[in-house]
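J.: This is the structure I have questions about; it appears just below.
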Amino acid sequence: MDTRTATAELGWISFPANGWEEVSGYDENLNTIRTYQVCNVFEPSQNNWLLTTYVDRRAAQRIYVEIRFTVRDCASIPSVLGSCKETFNLYYLETDRSMSDGIKGVDTIAADESFSQVDFGGRLMKVNTEVRSFGPLSKGRGFYLAFQDLGACMSLLAVRVFYKKCPSVVQNFAFFPETLTGAESTSLVIARGSCIQNAEEVDVPIKLYCNGDGEWMVPIGSCSCKSGYEPDNGNVCRACPQGTFKSSQGAGVCQQCPLNSRSTIEAATLCGCRNGYYRGDMDKPEDMCTSVPSAPRNLVSVVNQTSVLLEWHTPRDTGHREDLSYNILCRRCHSNERRACQPCDDSVLFLPGKRALKDNTVEISKLRAHTSYTFDIQAVNGVSNKSPYPAQQLSINITTNQAAPSVVPIMHQVSSTSRSFSLSWPPPEQPNGIILDYEILISFLLSLGCSNTTPNVILEGLRPGTGYAVQVRARTVAGFGSYSKEMLFQTLTDDEYKSELGQQLSLIAGSLVGGVCIVSIVAIAIICSRYLTRTHSLTHSPGVKIYIDPYTYEDPNEAVHEFAKEIESSCVKIEEVIGSGEFGEVYKGRLKPLGKKEILVAIKTLKVGYSERQRRDFLAEASIMGQFDQPNIIRLEGVVTKSRPTMIITEFMENGALDSFLRQNDGQFPVIQLVGMLRGIASGMRYLAEMSYVHRDLAARNILVNSNLVCKVSDFGLSRYLEDEDTSDPTYTSSLGGKIPVRWTAPEAIAYRKFTSASDVWSYGIVTWEVMSYGERPYWDMSNQDVINAIEQDFRLPAPMDCPVVLHQLMLDCWQKDRNARPKFHDIVSMLDKMIRNPASLKAGTNNIGLGPPHHPLLDRGAPDLSRVSSVEDWLTALKMSQYRDSFLLSGFNSLPLVTQITAEDLQRIGVLLAGHQKKILTSVQSMRPNADDQSPTESV
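With the working numbering applied, the sequence shown corresponds to residues 777 to 1717, in that order.
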């Protein structure tokens, strides 16, 4: 409503009829206006009302009324009989059109200025303007205004009724609609914004506040032009024209396409590379497109016996990139034709490497003598994998010269006396020519050299009961190779030699006295037959000692006496029980051989009431161990068979089984030390493989650890499990019948009972996983049948936490489905040696990227299920940390909300001192927090 320019009748209602009067008049600018006047000051008890027409509020909650009026000064009116006033009252009535009793007062309005009679014969008008507001309005669609006069002489010149609003606006690339002010003058009304076309939210929610004066204030959130669009005058997001691009959302502007790229459309977010040019995986959109390098130049070689040094020059064209590197491809050729070549053996050594070389030189060694090789030098950079064409390369052909033989791998003691022992060894793996002779170096106080043309020797004139360090090397026309590693051999004492000689003489005398001709012939025939059988097995590799199965002997005692030393029971002192085995108790004790120093030993005993088969199986393990002599195989000290109880005596391993030892020391060892332990296990298994012995039960529980953390392979009794149908032990239970350690066994061994060194390699991969996870159970709580099914579906165990990529790759290599594709144990030892020499390769990477098969649903069973945890006790049980239950509760951490606030310092105070346990608990706590930080829990540890 606005009567300032109204000239027609307003039609307002006045009461009583002689009160307010509508008249035409002039304002101070002499414009014609319609006014209402009242001036009944000479009459008492005035109560004059004026009611406006209906006003629609248009959803406004607070209404403003501007009143222009004049008032006569009561003092200027002579002879006033009534009660003169200089004020009037304003009311409003909220309604949907019909009148009611709900009229409400707004205010009593007084004039700032009044007018009086002047000397000019006329009246000087003094116009007052007052603004009042009322609200909140919510009951009806509109309202009436009412003016009450109680005895004033006045005129209503104009009445304007209005509300306030914040206009629609575009701010921060967001549109905000027109918004009415709030019910109170101090109210702030929230207006939600929406991004303009081609803009995207930066911060949400996007909003402005409309205050009571209709002004926008307090902007929150914003939008910005999305990729492919740039801001124009702050209110529009304009598409990037052709030939330009914008790769990210924000305030940035469109850029010209980088070199060797183009965009043929508007709103481009990336410029495509031209033909023959590419972007690398790590290149940014604003980087120029580059090309692959040309071939290396000027390749030269220097051949030194079975080594070659290759050098070359940088390619003329590097593709305008800084990440140039080289790959070396090696092929061994039987003739000058390339198709007659095949890839080089894994034994060939490349220094500094054969992939991603930064230098322009490489040394290649351990090649075969008098052999032709082809070497291809490839130049690659960060976009070589994008090109459909093979990398540019430069090739060279070389032929190696004569070379000295490689190292003799190992020596074996064939026999010994008090003054001599007999040794044998296999030829070098790479003789590089005809072996002319061998040189033996034997060390005891002084060094002696002697030559021999055959791979065996008898060393005489030695001291009784004395150890000697022996090395051997081979010679060809090219000269001597390197000495083998030192191996210790010991002569018998005089008493031992006499005892053994006496036993042999007794056997001979007994045969002569008790012999009957026919019986003797039969006995000789049997002995010869067994000898020939054993001799046949020895022809597997001349000069290499081969394992002999004790079950090929008709009398198990004969195998025990041949391979194990008999010990007098008086030399053995049992001290305490340390465990129980399949056949009886296991004790810690001491062994004091005659004339030697007392040593700690482990003593396995055969329980009372055994059967003959149990005794045979019990002693069979000693017959097996007695054939082995290697630092990483448990050493047999001897057996006690001539008195009760029957005992097997081995060296004492202070730290017990590897799996429980790792669990007790979770997280305590650096990775390089764990790799050293794995290297020891692999070395022991390499020795067993060379002996043609298949372990069948390689697992961390069967690896023993001594005080120097040397790991030794033990438990050589699984052969009996494969015949025993008792399936009470779930570790060895198989649905296919028999007893098999399913979680550690290769699939072909489970399905077809095909146990080989390759199946032992599979088991070694599981042992590696156990070591890197500090004794975690392989495949967690999955059943044996689930494990078999998962492996058949190509599921493989993921990398344990903080496991280096190279070690998990070694595990995956051991778990190849094709047993012929798995590495040999000598390859594994070489790989671990390289890791130890290059500790930088053991840095932990992203555990599972590109290494394992696709995600398998069974994988989820490995992590603790925390979804049903309702108490601290349940949580610790899920983490397998229930041993800390009382410590947590006594320290005040008796609810899960309190646990989520725990810190590394709290764990120290509680008594969780092992770093691995702290890491595991803090990782779980981090996952339980509602708003976890980006910081890894391991960083706080």
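Cβ atoms here follow ideal geometry from the backbone N, Cα and C, with glycine treated the same way.
Quick one: what's got a C-beta closer than 6 angstroms to residue 953's C-beta in the same chain, skipping five residues either side?
T.: If you number the sequence shown from 1, residue 953 lands on position 177. Cβ neighbours of residue 953 beyond the five flanking positions: 944.
J.: Check whether the Cβ atoms of residue 1545 and residue 1522 lie closer than 7 angstroms to each other.
T.: As a first step, residue 1545 is located in the sequence shown; it is residue number 769 there, counting from the start. As a first step, residue 1522 is located in the sequence shown; it is residue number 746 there, counting from the start. No, these two residues do not count as a Cβ contact at 7 angstroms.
J.: What's the C-alpha gap between residue 1200 and residue 1181?
T.: Numbered from 1 along the sequence shown, position 424 holds the residue referred to as residue 1200. Numbered from 1 along the sequence shown, position 405 holds the residue referred to as residue 1181. If you take the alpha carbons of residue 1200 and residue 1181, they lie about 17 angstroms apart.
J.: Count the other CB atoms within 10 Å of the CB of residue 1355; is the residue buried (16 or more) or exposed (fewer)?
T.: Mapped onto the sequence shown, residue 1355 falls at position 579. Exposed, since its Cβ has fewer than 16 Cβ neighbours within 10 Å.
J.: If contact is defined by three or more beta carbon pairs under 8 angstroms, each pair taking one atom from either stretch, is the stretch 838 to 850 in contact with the stretch 920 to 939?
T.: These segments touch.
J.: Count Cβ pairs between the stretch 1099 to 1113 and the stretch 1132 to 1141 that sit closer than 8 angstroms; are there 3 or more?
T.: Because the criterion of three Cβ pairs below 8 angstroms is met, the stretch 1099 to 1113 and the stretch 1132 to 1141 touch.
J.: Bridge partners of residue 924, per DSSP?
T.: Walking along the sequence shown from the start, residue 924 turns up at place 148. 825 and 865.
J.: Can you give the Cα-Cα distance for residue 1256 and residue 1535, rounded to whole angstroms?
T.: Position 480 of the sequence shown, counted from the start, is the residue given in the question as residue 1256. Position 759 of the sequence shown, counted from the start, is the residue given in the question as residue 1535. Straight-line Cα distance between these residues: approximately 37 angstroms.
J.: Which ranges does the alpha helix (DSSP H) cover as unbroken runs of at least 4 residues, wholly within the stretch 1561 to 1589, from first to last along the chain?
T.: The qualifying runs do not exist here; there are none.
J.: Roughly how many angstroms separate the alpha carbons of residue 1046 and residue 1019, rounded to a whole number?
T.: Position 270 of the sequence shown, counting from 1, holds the residue named residue 1046. Position 243 of the sequence shown, counting from 1, holds the residue named residue 1019. Each residue's Cα considered, the two are about 10 angstroms apart.
J.: Could you please give me the residues that DSSP links to residue 884 through a beta bridge?
T.: Along the sequence shown, one-based indexing puts residue 884 at 108. Answer is 865.
J.: Can you have a look at residue 1488 and say buried or exposed, based on whether 16 or more other CB atoms are within 10 angstroms of its CB?
T.: The count along the sequence shown starts at 1 and reaches residue 1488 at position 712. With 16 or more Cβ atoms within 10 Å of its Cβ, residue 1488 is classed as buried.
J.: Using a threshold of 7 angstroms, state whether the C-beta atoms of residue 1551 and residue 1587 are closer than that.
T.: Here residue 1551 refers to the residue found at position 775 of the sequence shown. Here residue 1587 refers to the residue found at position 811 of the sequence shown. For residue 1551 and residue 1587, no; Cβs fall outside 7 angstroms.
J.: Which residue wins for smallest C-alpha separation from residue 1260, given the options 1438, 1217, 999 and 1268?
T.: Position 484 of the sequence shown, counted from the start, is the residue given in the question as residue 1260. Measuring from the Cα of residue 1260, the nearest candidate turns out to be 1217.
J.: Per DSSP, what kind of secondary structure is residue 1039 in: helix, strand or coil?
T.: Residue mapping note: residue 1039 aligns to position 263 of the sequence shown, counting from 1. Correct three-state label for residue 1039: coil.
J.: For residue 1456, collect the residues of the same chain with a Cβ closer than 7 angstroms to its Cβ; drop the 5 residues on either side in sequence, then sort them by chain order.
T.: In the sequence shown, the residue the question calls residue 1456 occupies position 680. If we look at residue 1456 and ignore the five residues flanking it on each side, its Cβ neighbours are 1408, 1486 and 1487.
J.: Which stretch, first to last residue, makes up the beta strand (DSSP E) that contains residue 1654?
T.: Residue mapping note: residue 1654 aligns to position 878 of the sequence shown, counting from 1. It is not in any beta strand (DSSP E) - residue 1654 instead sits in the alpha helix (DSSP H) that spans 1648 to 1654.
J.: Counting pairs of beta carbons, one from the stretch 974 to 990 and one from the stretch 999 to 1015, are three or more of them closer than 8 angstroms?
T.: Output reads yes: the stretch 999 to 1015 touches the stretch 974 to 990.
J.: For the 8 angstroms Cβ check, are there 3 or more pairs between the stretch 806 to 824 and the stretch 954 to 971?
T.: In short, these stretches do not touch, since the Cβ pair count stays below three.
J.: How about residue 830 and residue 918: do their beta carbons lie closer than 7 angstroms?
T.: The residue you call residue 830 lines up with position 54 of the sequence shown. The residue you call residue 918 lines up with position 142 of the sequence shown. Their beta carbons are under 7 angstroms apart, which means residue 830 touches residue 918 by this criterion.
J.: Helix, strand or coil, according to DSSP, for residue 777 in the structure here?
T.: Against the sequence shown, residue 777 aligns to sequence position 1. Reduced to three states, the DSSP call for residue 777 is coil.
J.: Write down the C-beta distance between residue 1140 and residue 1084 rounded to the nearest angstrom, noting that I regard them as a contact closer than 8 angstroms.
T.: Counted from its first residue, the sequence shown places residue 1140 at position 364. Counted from its first residue, the sequence shown places residue 1084 at position 308. Indeed they touch by this definition, with Cβ atoms about 5 angstroms apart.
J.: Would the beta-carbon of residue 985 fall within 7 angstroms of that of residue 836?
T.: Here the question's residue 985 lines up with position 209 in the sequence shown. Here the question's residue 836 lines up with position 60 in the sequence shown. Not in contact: residue 985 and residue 836 (Cβ atoms no closer than 7 angstroms).
J.: Using the DSSP secondary-structure output, state which residues sit across from residue 906 in a beta bridge.
T.: As a first step, residue 906 must be located in the sequence shown, where it is residue number 130. Residue 906 is bridged to 843.
J.: With a threshold of 16 other CB atoms inside 10 Å of the CB of residue 1225, please say whether the residue is buried or exposed.
T.: Here residue 1225 refers to the residue found at position 449 when the sequence shown is read from its first residue. Note on residue 1225: pLDDT 41, under 50, position unreliable in the model; no value is reported.
J.: Distance check for residue 1000 and residue 1575, CA to CA, integer angstroms please.
T.: The sequence position of residue 1575 within the sequence shown is 799, counting from 1. The sequence position of residue 1000 within the sequence shown is 224, counting from 1. Answer to the nearest angstrom: the Cα atoms are 43 angstroms apart.
J.: Taking the Cβ atom as the reference point for each residue, do residue 1070 and residue 1050 lie within a distance shorter than 7 angstroms?
T.: Residue numbering aside, residue 1070 sits at position 294 when the sequence shown is read from its first letter. Residue numbering aside, residue 1050 sits at position 274 when the sequence shown is read from its first letter. For residue 1070 and residue 1050, no; Cβs fall outside 7 angstroms.
J.: Pick helix, strand or coil for residue 1413, following the three-state DSSP scheme.
T.: Numbered from its first residue, the sequence shown carries residue 1413 at position 637. Residue 1413: strand per DSSP, three-state reduction.
J.: For residue 912, which residues from the same chain have a beta carbon less than 6 angstroms from its beta carbon, with the 5 sequence-adjacent residues on both sides left out?
T.: Indexing the sequence shown from 1 puts residue 912 at position 136. 837 and 959.
J.: To the nearest angstrom, how far is the alpha carbon of residue 1387 from that of residue 1359?
T.: As a working note, residue 1387 is residue 611 in the sequence shown. As a working note, residue 1359 is residue 583 in the sequence shown. Rounded to whole angstroms, residue 1387 to residue 1359 spans 11 angstroms at the Cα level.
J.: Quick one: Cα of residue 1150 to Cα of residue 1116, how far?
T.: As a position in the sequence shown, residue 1150 is number 374, starting the count at 1. As a position in the sequence shown, residue 1116 is number 340, starting the count at 1. Using only the alpha carbons, I get a separation of about 11 angstroms.
J.: Measuring only the C-alpha atoms, how far is residue 795 from residue 902?
T.: Counted from its first residue, the sequence shown places residue 795 at position 19. Counted from its first residue, the sequence shown places residue 902 at position 126. C-alpha separation (whole angstroms): 22 angstroms.
J.: Which same chain residues end up closer than 6 angstroms to residue 1081 when comparing Cβ atoms and leaving out the 5 residues on each side of it in sequence?
T.: For this step, residue 1081 is matched to residue 305 along the sequence shown. Only 1177 and 1179 meet the Cβ criterion.
J.: Closest to residue 987 by C-alpha separation, out of 1023, 966, 998 and 1004, would be which residue?
T.: What you label residue 987 is simply residue 211 of the sequence shown in a count that begins at 1. Among 1023, 966, 998 and 1004, the Cα nearest to that of residue 987 belongs to 966.
J.: Using a C-beta cutoff of 7 angstroms, does residue 1208 count as contacting chain D?
T.: Included in the structure is just one protein chain, with no chain D present.
J.: Taking only runs of the alpha helix (DSSP H) that begin and end inside the stretch 1430 to 1497, which ones reach a length of at least 4 residues, in chain order?
T.: For the stretch 1430 to 1497, whole alpha helix (DSSP H) runs of length 4 or above, ordered along the chain, are 1434 to 1440, 1447 to 1466 and 1494 to 1497.
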